[in-house]
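Chemist: Going by our numbering, the sequence shown opens with residue 1077, and the numbers climb by one from there. Here it is, the structure, as structure tokens.
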Amino acid sequence: MTAASRSPADPRAALAHLRRADPVMAGVIRAVGPYRLRPRRGGSHFHHIVRAIVYQQLSGKAAGTIHARFAALFPRRHVEPERLLLLSEPELRAVGLSRQKIGYLRDLADKVHSGAVPLDRVRHMSDDAVIEHLVQVKGVGRWTAQMFLMFRLGRPDVLPDLDLGIQNAVQRAYGLRRRATPDDVRRIGAPWTPYRSVASWYLWRSLE
1077 MTAASRSPAD PRAALAHLRR ADPVMAGVIR AVGPYRLRPR RGGSHFHHIV
1127 RAIVYQQLSG KAAGTIHARF AALFPRRHVE PERLLLLSEP ELRAVGLSRQ
1177 KIGYLRDLAD KVHSGAVPLD RVRHMSDDAV IEHLVQVKGV GRWTAQMFLM
1227 FRLGRPDVLP DLDLGIQNAV QRAYGLRRRA TPDDVRRIGA PWTPYRSVAS
1277 WYLWRSLE
């Protein structure tokens, strides 16, 4: 991976490439309008993944409430693995976390604390290496790792082929008779490289 591919996409270059490479995507871009994705810089990488786990399979409002209560357990709401490992299950259950998610969060904290998942070095890793490290954590699959790459690290060439929104958007935009499969998404999305994150953002917005 080059230094450029580890940096957020240059919108002007990305849009020029996508319009030139794929007439259908050019139409999606025209319909959606300006590109507005910005990486989430606040907080730590660890807290970002914690938040993703807390939000799994919950409505935004319910997850937000639980996450706020959880963050309040930490001094200055600074969520750290060492402190999380010291919290008891009753304390974590009291904020609304399920036993399963408590297990996921503790596994994440343990792996980060031990160095098995070196979050302090992910900015210098390739996309594949970041995914390989993150999926070691219970409750963190490929999709969650890809969202971390896109929305936290701002990587420009991530294609979440397992995402149902992307599959539905590809079906609609490209006139498929059924929802796109991951293979369809990868095949149709091949010309978008090296700006597949930008194309994915436009596909999500096209469903709104």
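Glycine residues also receive a C-beta, built at the ideal position from the N, C-alpha and C atoms. Keep in mind it's a predicted model, so treat the numbers as computed, not measured.
How big is the Cα-Cα spacing for ARG1272 and HIS1209?
Modeler: Between the C-alpha atoms of ARG1272 and HIS1209 there is a straight-line separation of about 22 Å.
Chemist: Using a Cβ-Cβ cut-off of 6 Å (strictly less than) and excluding sequence neighbours within five positions of HIS1123, which residues of its own chain qualify?
Modeler: VAL1155
Chemist: In chain order, which continuous runs of the alpha helix (DSSP H) of length 4 or greater are located wholly inside the segment 1119-1202?
Modeler: 1121-1131, 1136-1147, 1157-1162, 1165-1170 and 1175-1190
Chemist: Under the three-state reduction of DSSP, which class applies to VAL1246: helix, strand or coil?
Modeler: Of the three classes helix, strand and coil, the one that applies to VAL1246 here is helix, per DSSP.
Chemist: Can you say whether ARG1228 is buried or exposed, counting buried as having 16 or more other CB atoms within 10 angstroms of its CB?
Modeler: With a 10 Å radius around the Cβ and a threshold of 16 neighbouring Cβ atoms, ARG1228 comes out buried.
Chemist: Using a threshold of 8 Å, state whether the C-beta atoms of ARG1182 and LEU1161 are closer than that.
Modeler: yes
Chemist: Thinking C-beta only, is VAL1213 closer than 8 Å to LYS1187?
Modeler: Yes, Cβ-Cβ distance for LYS1187 and VAL1213 is below 8 Å.
Chemist: With distances taken Cα to Cα, identify the nearest neighbour of ALA1089 among ALA1275, SER1282, GLY1251 and ARG1281.
Modeler: The shortest C-alpha separation from ALA1089 is found at ALA1275.
Chemist: Using a 10 Å radius around the Cβ and a threshold of 16 neighbouring Cβ atoms, would you call VAL1100 buried or exposed?
Modeler: exposed
Chemist: Can you tell me whether TYR1278 is helix, strand or coil according to DSSP?
Modeler: helix
Chemist: Does PRO1115 come out as helix, strand or coil in the three-state DSSP assignment?
Modeler: In the three-state reduction of the DSSP assignment, PRO1115 falls in the coil class.
Chemist: Taking the Cβ atom as the reference point for each residue, do TYR1250 and ILE1264 lie within a distance shorter than 8 Å?
Modeler: yes
Chemist: LEU1195 to ASP1204, Cα distance in whole Å?
Modeler: 14 Å
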